[in-house]
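Okay, structure first, notes after.
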Amino acid sequence: MDNKILVSIANDFSITPGPRSKEEGKFSGEAFRLNILEPKFKEAVEKNKKLVVNLDGVLGYGTSFLEEAFGGLARQYGSEKVLEVLELVSVEEPYFADDIINYIKDASK
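Residue numbers for the sequence shown, in the working numbering: 3 to 111.
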């Protein structure tokens, strides 16, 4: 695991991810992106590592949370770079990873 940086949304952020923006409520996609995802993404790029995001262990995700967090990252750094660095893991709900990939791709359009 030396070539990977690990993030667990449930353990590192919240088991109850919330709305899109910080103004809309607690545990927002924006807060996750700014406070956890983006710093870890930058670290992964600088150290030439994969950023592995574990999506399991939460009570559910709103599409606005996922789009803001991951689509927002792609708007900042480009879809191609985000897809190159990011690895998504979900045993419980594998379709979340597919949804996120679509949000990342759509962010560049």
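We treat Cβ as the ideally placed atom computed from N, Cα and C, and that holds for glycine.
Outcome for residue i when other beta-carbon atoms lying within 10 angstroms are tallied against a minimum of 16
i: valine 87; result: buried
i: leucine 39; result: buried
i: glycine 27; result: exposed
i: isoleucine 106; result: buried
i: glycine 74; result: buried
Neighbourhood of residue i by C-beta distance below 6 Å, restricted to the same chain and skipping five residues each side
i: leucine 53; result: Ile7, Lys42, Phe43, Ala46, Val87 and Leu88
Residues that DSSP places opposite residue i in a beta bridge
i: valine 102; result: First, the amino acid is wrong: residue 102 is isoleucine here, not valine. For isoleucine 102, which the question treats as bridged, DSSP gives no partner whatsoever.
Contacts around residue i, its chain only, beta-carbon distance under 7 Å, and the 5 residues preceding and following it disregarded
i: serine 16; result: Phe29
Cβ shell of residue i (< 8 Å), same chain only, five flanking positions each side left out
i: phenylalanine 98; result: Leu57, Tyr63, Leu68, Leu90 and Ser92
Start-to-end residues for the beta strand (DSSP E) that takes in residue i
i: lysine 6; result: 6-10
i: leucine 90; result: 88-91
Unbroken alpha helix (DSSP H) run spanning residue i, endpoints
i: lysine 42; result: 40-48
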